[in-house]
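Shown next, in structure tokens, is the structure this report addresses.
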Amino acid sequence: MIKGIFPIEKFRRLQTPFYYYDMVLLQDTLNVLKTEINKYGYQQHYAIKANANPKILALIAKNGFGADCVSGGEVQAALNAGFPAYGIVFAGVGKADWEINLGLDHDIACFNVESLAELEVINSLAEAKNKTATVALRVNPNVDAHTHAKITTGLQENKFGINLSLLNGVLDALFKMNHVRFAGLHFHIGSQITDLSAFRNLCIRANELQDELEARDIEIDHLNFGGGLAIDYFHPNRLPVPEFKDYFALFHKFVKPREGQQIHFELGRSVVGQCGSLISKVLYVKKGETKQFAILDAGFTDLIRPAMYGAYHHPENITSDEPYEIYDIVGPICESSDVFNKDIEVNKVRRNDLIAFRSAGAYGEIMASQYNCRALPKSYFSNEL
Ligand SMILES: *Cc1c(COP(=O)(O)O)cnc(C)c1O
């Protein structure tokens with residue numbers, strides 16, 4: 002445990018629970034990402050849905066990355082944060098008309114289209130504006146990401162993308178439309194992928210597809226491999242900046258880009274995951290017959306990943322050096338699923354101690370809700386405290 006990373010005296014003056022972002026770590030992460038991406042001339046569109054806090058977005062935009070959006074609200078958030086429209090791509094299985102129109106009005110770089118039905122709507126909305134929408138087809142490559150079922154997206158049974166067997170038909174329809182321009186193929190097979198062989202399988206599938214389309218004289222400007230690179234939730238200090246080097250080297254080794262073809266990525270979690278922590282206060286220590294509970298003022302309304310995916314967030318009692326004891330660490334929400342950790346060792350807990358849940362920068366604050374009429378958590382930044 003390295004308690005030194007948190008300004009505890011300053012935390013003591015703030016209302017808990019709140020998110021704390023280490024902006025130095027975020028910048029370090031962005032620097033490594035840039036270095037690895039530039040080695041191969043790849044492009045990265047940050048997946049806004051991982052964390053859309055305006056200050057986080059502003060820093061990522063300032064570093065020159067694009068944005069990957071999955072809703073009109075995210076397109077607007079990206080524009081507000083300073084991402085240029087030409088750096089915005091827009092995915093999602095259910096784009097509403099107003100969301101498509103927003104993208105068209107701003108001339109975003111690309112719509113990542115997930116069905117023939119959606120393609121037809123984009124074509125007609127673009128026609129009404131006398132525009133041509135640039136589109137990539139999101140292909141469901143039927144590659145198993147070997148991750149949690151709720152964050153697997155690239156299998157035939159998932160709702161995402163166009164099934165391989167239907168791709169040719171969708172392309173035939175596309176080439177008959179006058180207000181969409183085919184620019185690329187898009188893939189995103191899932192999230193928190195620790196087994197890099199899933200990405201290798203994706204590369205192989207993409208190469209096969211390229212060969213097939215090439216045989217039909219179809220040109221592909223770009224290949225977009227989505228996101229999904231995992232972070233180490235169990236050892237947040239061991240690898241604060243994820244292994245971008247190995248990840249991009251793998252794509253470099255296995256993808257066979259055509260002359261002038263661009264390769265895009267949409268990493269989210271791995272960019273922002275480790276820079277954020279949820280800070281909460283111990284309200285009570287309750288002794289049960291078989292357990293002792295540390296009851297916090299944070300619950301799944303602040304960080305839902307443990308309740309939703311059974312996810313692990315490493316808890317640290319950042320205000321105690323006393324010997325370890327075993328607790329169930331729980332929130333105040335009136336649901337049995339409001340448990341952060343079961344039978345976990347932390348330094349002995351007393352009322353008013355501060356507990357930090359590490360690796361909470363991705364899919365944390367952005368998923369907060371107001372269930373039980375609770376307030377949304379605030380956020381604080383290392384460079385502003
Ligand atoms: C969620 C998502 C991403 C980002 O995934 P991470 O696992 O956070 O890297 C990228 N692309 C699309 C289309 C997504 O839906």
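If you read the sequence shown in our numbering, its first letter stands for residue 2, the second for the next number, and so on.
Ideal Cβ positions, reconstructed from N, Cα and C, are used throughout, including at glycine.
As assigned by DSSP and simplified to three states, the class of residue i
i, result
"histidine 223", "strand"
"alanine 357", "strand"
"lysine 11", "helix"
"proline 241", "coil"
"alanine 97", "coil"
"glutamate 115", "coil"
"phenylalanine 161", "coil"
"isoleucine 1", "This structure gives no information on residue 1, because the portion of the chain shown stretches from 2 to 386."
"tyrosine 248", "helix"
"lysine 257", "coil"
"threonine 30", "helix"
"glutamate 267", "coil"
"glycine 332", "coil"
"tyrosine 313", "coil"
"aspartate 106", "helix"
"leucine 156", "coil"
"tyrosine 87", "helix"
"glycine 300", "coil"
"valine 273", "helix"
"lysine 130", "coil"
Pairwise C-alpha distance: residue j and residue i
i, j, result
"lysine 132", "asparagine 32", "37 Å"
"phenylalanine 249", "glutamate 37", "7 Å"
"alanine 299", "proline 333", "7 Å"
"aspartate 212", "leucine 172", "15 Å"
"glycine 83", "leucine 60", "9 Å"
"phenylalanine 266", "serine 360", "22 Å"
"methionine 24", "aspartate 145", "34 Å"
"glutamate 244", "leucine 34", "9 Å"
"isoleucine 3", "proline 324", "Low per-residue confidence applies at isoleucine 3: pLDDT is 48, beneath 50, and the placement is therefore not dependable enough to give any value."
"glutamine 371", "leucine 304", "12 Å"
"glutamine 16", "glycine 365", "18 Å"
"asparagine 348", "glutamine 263", "50 Å"
"arginine 352", "tyrosine 310", "28 Å"
"aspartate 108", "glutamine 44", "19 Å"
"leucine 27", "glycine 170", "43 Å"
"alanine 134", "valine 71", "17 Å"
"alanine 1", "tryptophan 99", "Any question about residue 1 goes unanswered here, given that the chain covers just 2 to 386."
Cβ-Cβ distance between residue i and residue j below 8 Å
i, j, result
"valine 256", "alanine 207", "yes"
"phenylalanine 161", "asparagine 141", "yes"
"isoleucine 409", "proline 55", "Absent from the model: residue 409. The displayed extent of the chain is 2 to 386, so no value can be given."
"isoleucine 319", "glutamine 275", "no"
"tyrosine 21", "proline 378", "no"
"leucine 210", "leucine 251", "no"
"glycine 93", "alanine 110", "no"
"asparagine 113", "histidine 180", "no"
"alanine 369", "phenylalanine 7", "no"
"isoleucine 49", "aspartate 69", "yes"
"leucine 355", "phenylalanine 12", "yes"
"phenylalanine 382", "tyrosine 313", "no"
Span of the alpha helix (DSSP H) around residue i
i, result
"glutamine 211", "198-216"
"phenylalanine 176", "168-177"
"phenylalanine 378", "For clarity, residue 378 is proline in the given sequence; the question names phenylalanine instead. Run containing proline 378: none; DSSP gives neither H nor E here."
"proline 307", "306-310"
"alanine 59", "55-63"
Delimiting residues of the beta strand (DSSP E) encompassing residue i
i, result
"histidine 46", "44-48"
"arginine 139", "134-141"
"lysine 282", "277-288"
"asparagine 81", "Asparagine 81 -> not in any beta strand (DSSP E); alpha helix (DSSP H) instead, spanning 73-82."
"glycine 182", "Looking at the sequence shown, residue 182 is not glycine but arginine. Run containing arginine 182: 181-187, per the beta strand (DSSP E) assignment."
"lysine 292", "From DSSP, lysine 292 is part of no beta strand (DSSP E); its letter is neither H nor E."
"tyrosine 372", "Note, tyrosine 372: premise wrong, no beta strand (DSSP E); not H, not E."
"alanine 68", "67-70"
"tyrosine 21", "19-22"
Identity of the residue in the options nearest residue i by Cα
i, options, result
"valine 350", "Glu326, Val340 and Ser370", "Glu326"
"glycine 261", "Gly185, Tyr310 and Leu203", "Gly185"
"glycine 229", "Pro241, His223, Pro307 and Arg270", "Arg270"
"leucine 175", "Cys204, Leu120 and Phe84", "Leu120"
"isoleucine 420", "Leu168, Glu128, Ala376 and Glu346", "Because residue 420 is not part of the residues shown, which for the chain are 2 to 386, the question remains open."
"valine 95", "Val122, Gly365, Phe358 and Ala137", "Correcting the residue identity first, residue 95 is glycine in this sequence and not valine. Residue Val122 is the option with its Cα nearest to glycine 95."
"threonine 148", "Ile163, Glu128, His107 and Ile194", "Ile194"
"asparagine 373", "Asp29, Val136 and Asp339", "Asp339"
"phenylalanine 226", "Lys343, Asn202 and Pro237", "Asn202"
"threonine 291", "Asp322, Asp329, Leu268 and Ala129", "Asp329"
"proline 237", "Ala127, Gly277, Ala199 and Pro258", "Gly277"
"asparagine 64", "Ala78, Asn81 and Thr30", "Thr30"
"histidine 223", "Arg239, Ser166, Gly155 and Ala137", "Ala137"
"alanine 308", "Asn164, Ser337, Asn384 and Lys282", "Ser337"
"threonine 153", "Arg182, Thr135, Ala199 and Ala129", "Ala199"
"histidine 46", "Arg182, Glu215, Pro316 and His189", "His189"
Residue-chain proximity (residue i, chain D), Cβ-Cβ < 8 Å
i, result
"isoleucine 280", "The structure shown contains no chain D, having only a single protein chain."
Any non-hydrogen atom of ligand 3 closer than 7 Å to residue i Cβ
i, result
"valine 71", "The model depicted lacks ligand 3 and carries ligand 1 instead."
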